[in-house]
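K.L.:
Right, I'll just put the structure down here and ask away after.
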């Protein structure tokens, strides 16, 4: 079966599942953005998914994202969804639509400084970001603690060059993700009362995106359900 046909079928299946999960939660399908995580898949796979109607793509390595962006060209909204080191910030600001993984003020400051420099030289817009929260208290995962999230969001919002649009989390593997997603939603609701623009919830991947949508996700990060088994 041609790759494009396979991808179109998988995208249609994911869309059906997203729609059904949203309906179960009394939500509209339009409230949920699917980010196709193309990590370790080549640029041809991204082009095929783009041709099949997918627009938002996510990567977790800065160099891989830059390489694919150059190969694929226009028409893609890139998301950075992995852990980000400050020395990789110059590779991403101005290229990615949304950085999902701001977990410390030093990283936010580096992003803001780069965004201000871009604005001064090219008139580039502010960099959109999410604050990553370790809502499952997993020491193997990135993210600030739930208790520190409010202070971090408040400080990120104050940085000229950034727009903080919401929160992101990755639940621990091998556990029920629903309580983690519910905890992030409750935290978002609490913060939104003070900061109305902090509305997005990036949570849920191939194995649990339906649960995430039922718990309020506005962005789900789906890889293998769209692209198939990930190359080694």
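Numbering (the numbering used here), first residue to last: 1400 to 1631.
Where is the CB? At the ideal position from N, CA and C, for every residue including glycine.
All figures in this text were calculated on a predicted structure; none of them were measured in a lab.
Output needed for residue 1458: all residues of its chain with C-beta closer than 8 Å, excluding positions within five of it in sequence on either side, in chain order.
P.N.:
Here residue 1458 refers to the residue found at position 59 when the chain shown is read from its first residue. These residues qualify, in order along the chain: 1436, 1437, 1438, 1464, 1467, 1477, 1478, 1479, 1480, 1481.
K.L.:
Using the Cβ count rule (16 or more neighbours within 10 Å means buried), how would you classify residue 1450?
P.N.:
The residue given as residue 1450 occupies position 51 in the chain shown. Burial call: exposed.
K.L.:
Following the continuous beta strand (DSSP E) through residue 1574, name the residue where it begins and the one where it ends.
P.N.:
Residue mapping note: residue 1574 aligns to position 175 of the chain shown, counting from 1. Per DSSP, residue 1574 belongs to no beta strand (DSSP E) and is neither H nor E.
K.L.:
Return the bridge partner residues of residue 1618 from the DSSP annotation.
P.N.:
Counted from its first residue, the chain shown places residue 1618 at position 219. Paired residue(s): 1432, 1601.
K.L.:
By the three-class DSSP mapping on this structure, what secondary structure does residue 1437 have?
P.N.:
Residue numbering aside, residue 1437 sits at position 38 when the chain shown is read from its first letter. Three-state result, residue 1437: coil.
K.L.:
Hey, could you find the ends of the alpha helix (DSSP H) residue 1491 is sitting in?
P.N.:
For the purposes of this step, residue 1491 is identified with residue 92 of the chain shown, where counting begins at 1. Residues 1488 to 1491.
K.L.:
Please return the same chain residues whose Cβ sits closer than 8 Å to the Cβ of residue 1474, not counting the five positions on each side in sequence.
P.N.:
Translated into positions along the chain shown, residue 1474 becomes position 75. Excluding sequence neighbours, residue 1474 sits near 1449, 1454.
K.L.:
How is the alpha helix (DSSP H) around residue 1506 delimited, first residue to last?
P.N.:
Start at 1 with the first residue of the chain shown, and residue 1506 comes out as number 107. 1504 to 1521 is the span of the alpha helix (DSSP H), which, as asked, contains residue 1506.
K.L.:
Am I right that residue 1430 and residue 1568 are in contact with their C-beta atoms under 8 Å? What's the rounded C-beta distance?
P.N.:
Residue 1430 sits at position 31 when you count from the first residue of the chain shown. Residue 1568 sits at position 169 when you count from the first residue of the chain shown. Wrong, their Cβ atoms sit about 18 Å apart, outside the cutoff.
K.L.:
Which residues in the same chain have their Cβ closer than 6 Å to the Cβ of residue 1493, if we skip the five residues on either side of it in sequence?
P.N.:
For this step, residue 1493 is matched to residue 94 along the chain shown. Cβ within range, chain order: 1517, 1523.
K.L.:
For chain D, check one thing: does any of its Cβ atoms lie closer than 8 Å to the Cβ of residue 1421?
P.N.:
The chain inventory of the structure shown lacks chain D, comprising one protein chain alone.
K.L.:
Under 8 Å, do residue 1612 and residue 1417 count as touching if we go by C-beta distance?
P.N.:
In the chain shown, counting from the first residue as 1, residue 1612 sits at position 213. In the chain shown, counting from the first residue as 1, residue 1417 sits at position 18. Their beta carbons are under 8 Å apart, which means residue 1612 touches residue 1417 by this criterion.
K.L.:
Going by C-alpha distance, which of 1607, 1584, 1589, 1583 is nearest residue 1572?
P.N.:
Residue numbering aside, residue 1572 sits at position 173 when the chain shown is read from its first letter. Comparing Cα positions, the closest option is 1607.
K.L.:
When burial is assigned at 16 or more other CB atoms within 10 Å of the CB, is residue 1560 buried or exposed?
P.N.:
Against the chain shown, residue 1560 aligns to sequence position 161. Classification of residue 1560: buried, given that the 10 Å Cβ count is 16 or more.
K.L.:
Apply the 10 Å Cβ neighbour rule to residue 1596 and answer buried if 16 or more other Cβ atoms are within range, or exposed otherwise.
P.N.:
The sequence position of residue 1596 within the chain shown is 197, counting from 1. It is exposed - the Cβ of residue 1596 has fewer than 16 other Cβ atoms within 10 Å.
K.L.:
Within the same chain, show all residues whose beta-carbon is closer than 8 Å to that of residue 1486, passing over the 5 residues directly before and after it, in chain order.
P.N.:
Taking the chain shown and counting its residues from 1, one reaches residue 1486 at position 87. The answer is none, since no qualifying residue turns up.
K.L.:
Return the CA-CA distance between residue 1507 and residue 1488, expressed in angstroms with no decimal places.
P.N.:
For the purposes of this step, residue 1507 is identified with residue 108 of the chain shown, where counting begins at 1. For the purposes of this step, residue 1488 is identified with residue 89 of the chain shown, where counting begins at 1. Between residue 1507 and residue 1488, the C-alpha separation is close to 10 Å.
K.L.:
Just the Cα atoms here: how many angstroms apart are residue 1533 and residue 1549?
P.N.:
Taking the chain shown and counting its residues from 1, the one referred to as residue 1533 is at position 134. Taking the chain shown and counting its residues from 1, the one referred to as residue 1549 is at position 150. Answer to the nearest angstrom: the Cα atoms are 13 Å apart.
K.L.:
Output the boundary residues of the alpha helix (DSSP H) element that contains residue 1608.
P.N.:
On the chain shown, residue 1608 is found 209 positions in, with the first residue counted as 1. Element bounds for residue 1608: 1608 to 1613.
K.L.:
According to the neighbour-count rule (16 or more other Cβ atoms, all chains shown, within 10 Å of its Cβ), is residue 1544 buried or exposed?
P.N.:
Position 145 of the chain shown, counted from the start, is the residue given in the question as residue 1544. It counts as exposed.
K.L.:
Where do the ends of the alpha helix (DSSP H) carrying residue 1480 lie?
P.N.:
To locate residue 1480, count along the chain shown from 1; it is residue 81. Careful: residue 1480 lies outside any alpha helix (DSSP H) and carries neither H nor E.
K.L.:
Let's see if you can read the secondary structure: which residues bound the beta strand (DSSP E) around residue 1531?
P.N.:
On the chain shown, residue 1531 is found 132 positions in, with the first residue counted as 1. Its beta strand (DSSP E) spans residues 1526 to 1531.
K.L.:
Determine which residues share a DSSP beta bridge with residue 1458 and list them.
P.N.:
The sequence position of residue 1458 within the chain shown is 59, counting from 1. Answer by DSSP bridge pairing, in chain order: 1479.
K.L.:
If I measure Cβ to Cβ from residue 1352 and keep anything under 6 Å in the same chain, skipping five residues before and after, which residues do I get?
P.N.:
What the structure shows of the chain is the stretch from 1400 to 1631, and residue 1352 is not part of that stretch, so it cannot be assessed.
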